[in-house]
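Here's the structure we're looking at; comments come further down.
Protein chains: 2
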Amino acid sequence: MGTPSIGHRLAEAAVALFDENGYDETTVDDIAARAGVSRSTFFRYYRSKEDAIFPDHDTLLATVDARLRASTAGTAIVAVTDAVRIVLAHYVDDAEVSLRRYRLVGRVPALRDREIASVARYQRLFREFIGTWLAGTPDADLRAELMAASVVAAHNQVLRGWLRAGGMYDPSGPLDHALGYVIATFRHLEQPKEAGDDQVVVATFSRSTSPQAVMEAIQAHLSSRP
Amino acid sequence: MGTPSIGHRLAEAAVALFDENGYDETTVDDIAARAGVSRSTFFRYYRSKEDAIFPDHDTLLATVDARLRASTAGTAIVAVTDAVRIVLAHYVDDAEVSLRRYRLVGRVPALRDREIASVARYQRLFREFIGTWLAGTPDADLRAELMAASVVAAHNQVLRGWLRAGGMYDPSGPLDHALGYVIATFRHLEQPKEAGDDQVVVATFSRSTSPQAVMEAIQAHLSSRP
DNA sequence: CAACATTAAAATACTCAGTCTCGCGAAGAC
DNA sequence: GTCTTCGCGAGACTGAGTATTTTAATGTTG
């Protein structure tokens, strides 16, 4: 514990130098020197200069993938929301690092593009998962694409808000709200799609039925259709 | 017409060489030589090697921006769908180029990331436009993010399908279908949001009302709420 | 302990993208 | 005619990323 790993030392050196002198002004040699190792060693730990800023992205991506795969058709929605929560939690757990990186990425176009590309990889994961989940249903590909994009967008919206606010609150509530919004959005379309476009479903209730009873009946009806 | 512009010659040389020898194996010197100009000239026309593949992206982005700005609150949806149609049309008009680029981008990670980054710029444009459009309404930011992501995802889904099929059909129909799906999706949420979460709206009809009449009444009701 | 094998790190050389500066030469401006 | 402008070429330079070789540290075995 007295001697942190070389990978850590390199990452810290990189962030520190980027903060002090700017990204473009910092060379890999500078980073390696600050970490007390050689240039070669830097490239053994990180594939590129940008990678030093996004160290554990591959790990997180694998975690998300694992969470998605560990689900059946019936628990698909839970798997998706869980996976998103995992990603957000990863940022929140390292609020300090996340915030510094956020400020840095906002100033360096190269890093910005890099982050966007990695977000796209998450979206691809979700799209594939939802695609196989919906396989066989009408417009499966389109819906998978839209849901994946929406889920990721919801996460990004919540994360950005949290980062802009300096990470001063717990974003779990906002995330649940946003994800609920997404799920409600697409669930609304399940009914007419499954009933067919040219079929009208009319639910009738006694005039004396309470609003709660109406809502519960509708909920039960929607939930019964996977 | 006998002498195409240097910019064109460079772009053609680049694509040809990428096809023949691969992207990484082609140097900027090769491209310049093939186009009969110097290396310096290449960089005067394109900021980077990747840029030679995405020449008119800035122009298209500006066109989309202009189309969005040229709209009032009442015509926002039309502006969005129009803008998306403009983008898709741009690909379809140059089917030959689009297809070659598609195959190339699919094989070269660097180009892939680049394209994803430029897609994100379109999404940002849509997000900002929808954001100002919805300004003041509840969850404006979240909804802007989701709608923008969905609109772009719908476009990409249609475009990818068209490209995978070799550009052999007119994708206007699929695009309209996809956009209609998106619009319907989010319109469904307008009602409960505006009515408030704790209020239940129940529409009653005479038992003898025809399904068509029911549908029309619902449509009219939804349309009346911007 | 000595000879050997394994492996992380250093050293070095190389390619090539991207930037910058300078100089040329040809097209117009007056 | 000279003078400016501007597109282009030439060449030098920085730095990322790759590949190869060399050195040093840490075992491992007899």
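From first to last, the protein sequence lines are chains F and H.
The opening residue of the first sequence carries number 1 in our numbering; numbering runs sequentially from there.
The opening residue of the second sequence carries number 227 in our numbering; numbering runs sequentially from there.
In this text, a Cβ means the ideal position worked out from N, Cα and C, and glycines have one as well.
Per-residue burial, residue i [other beta carbons within 10 Å of its own, 16 or more giving buried]
i, result
"F:H8", "exposed"
"F:Y122", "buried"
"H:T301", "exposed"
"F:P171", "buried"
"F:A227", "The structure shown does not extend to residue 227 of chain F, since chain F spans only 1 to 226, so no value can be given for it."
"F:V202", "Only weak support is given to the placement of F:V202: the predicted model assigns it a pLDDT of 47, under 50, and the value that follows is read from those uncertain coordinates. So F:V202 ends up on the exposed side."
"H:P230", "exposed"
"H:E246", "exposed"
"F:Y169", "exposed"
"H:A296", "exposed"
"F:A135", "exposed"
"H:A239", "buried"
"F:Q199", "Low per-residue confidence applies at F:Q199: pLDDT is 39, beneath 50, and the placement is therefore not dependable enough to give any value."
Distance between beta carbons of residue j and residue i, contact taken as under 8 Å
i, j, result
"H:S344", "H:G393", "H:S344 to H:G393, Cβ: 20 Å. No contact."
"H:D339", "F:D65", "In fact, because the Cβ distance is near 19 Å, the residues do not count as touching under 8 Å."
"H:F352", "H:V318", "Actually they do not touch by this definition, with Cβ atoms about 20 Å apart."
"H:A379", "F:A149", "4 Å"
"H:I342", "F:A33", "That belief does not hold up - the Cβ atoms of H:I342 and F:A33 are roughly 34 Å apart, past 8 Å."
Nonlocal neighbours in the same chain, by C-beta distance under 8 Å from residue i, ignoring five residues either side
i, result
"F:V37", "I6, R9 and L10"
"F:G106", "R112"
"F:R47", "none"
"H:P400", "V384, G387 and W388"
"F:L104", "V15, F18, D19, Y23, I53 and L111"
"H:H283", "S344"
Selection from the options that minimises the alpha carbon distance to residue i
i, options, result
"F:L179", "F:A120, F:Y45, F:V80 and F:F18", "F:V80"
"F:P55", "F:D65, F:R67 and F:F42", "F:F42"
"F:T26", "F:R34, F:A33, F:L17 and F:A32", "F:L17"
"H:H381", "H:D284, H:D308 and H:A366", "H:D308"
"F:D139", "H:R270, H:Y407, H:V241 and H:T289", "H:Y407"
"F:I130", "F:L68, F:R47 and F:A52", "F:L68"
"H:P289", "H:Y271, H:V313, H:D256 and H:S274", "According to the sequence shown, residue 289 of chain H is Thr rather than Pro. Looking at the Cα atoms, H:V313 is the closest of the given residues."
"F:R101", "F:I53, F:Q157 and F:H188", "F:I53"
"H:E411", "F:L142, F:R103 and F:R160", "For clarity, residue 411 of chain H is Thr in the given sequence; the question names Glu instead. The residue with the shortest Cα to Cα distance from H:T411 is F:L142."
"H:T285", "H:H316, H:D402 and H:E322", "H:H316"
"H:E322", "H:Y249, H:H403 and H:A391", "H:A391"
"H:V254", "H:D245, H:E246, H:R265 and H:N247", "H:R265"
"H:D320", "H:P400, H:W388 and H:L401", "H:W388"
"H:V384", "H:A239, H:D277 and H:V310", "H:V310"
"F:L61", "F:L146, F:L175 and F:R124", "F:R124"
"F:D246", "F:D30, F:V15 and F:L146", "There is no way to answer for residue 246 of chain F, as the model of chain F reaches only from 1 to 226."
Neighbourhood of residue i by C-beta distance below 6 Å, restricted to the same chain and skipping five residues each side
i, result
"H:Y249", "V334"
"H:R386", "none"
"H:Y271", "G233 and L236"
"H:P418", "With a pLDDT of 45 at H:P418, under the threshold of 50, the modelled position of this residue cannot be trusted; read the value that follows with caution. Excluding sequence neighbours, H:P418 sits near nothing in its chain."
"F:A35", "R9, L10 and A13"
Beta-carbon proximity list for residue i, same chain, < 7 Å, skipping 5 on both sides
i, result
"F:I183", "I77"
"F:H177", "none"
"F:W133", "A73 and A76"
"H:K275", "V254"
"F:A144", "R127, I130, G131 and L134"
"H:G256", "Before going further, note that residue 256 of chain H is Asp rather than Gly in the sequence given. Taken in chain order, the residues that qualify are L243."
"F:M147", "I130 and F186"
Distance cut-off 8 Å: residue i Cβ against heavy atoms of the ligand ADP
i, result
"H:E251", "Inclusion of the ligand ADP in the displayed structure is not the case, the ligand content being empty and no account of it being possible."
### Query
Given a limit of 9 Å on CB to CB distance, which residues of the stretch 388-410 of chain H reach chain F?
P400, H403, A404, Y407, V408 and A410
### Query
Going along the stretch 120-136 of chain F in order, which residues come within less than 8 Å of chain H, judged by CB to CB distance?
A120
### Query
Which of the residues in the stretch 238-263 of chain H, read from start to end, lie with their CB under 8 Å from any CB of chain F?
none
### Query
Which of the residues in the stretch 48-67 of chain F, read from start to end, lie with their CB under 9 Å from any CB of chain H?
none
### Message
Closer than 7 Å between beta carbons: that is the criterion. Which residues of the stretch 97-119 of chain F meet it against chain H?
### Response
D113, I116 and A117
### Message
By the 7 Å beta-carbon criterion, what residues does the stretch 366-377 of chain H contribute toward chain F?
### Response
D367, L368, E371, L372, A375 and S376
### Contact set between the stretch 309-321 of chain H and chain F, restricted to residues whose Cβ is under 8 Å from the partner
none
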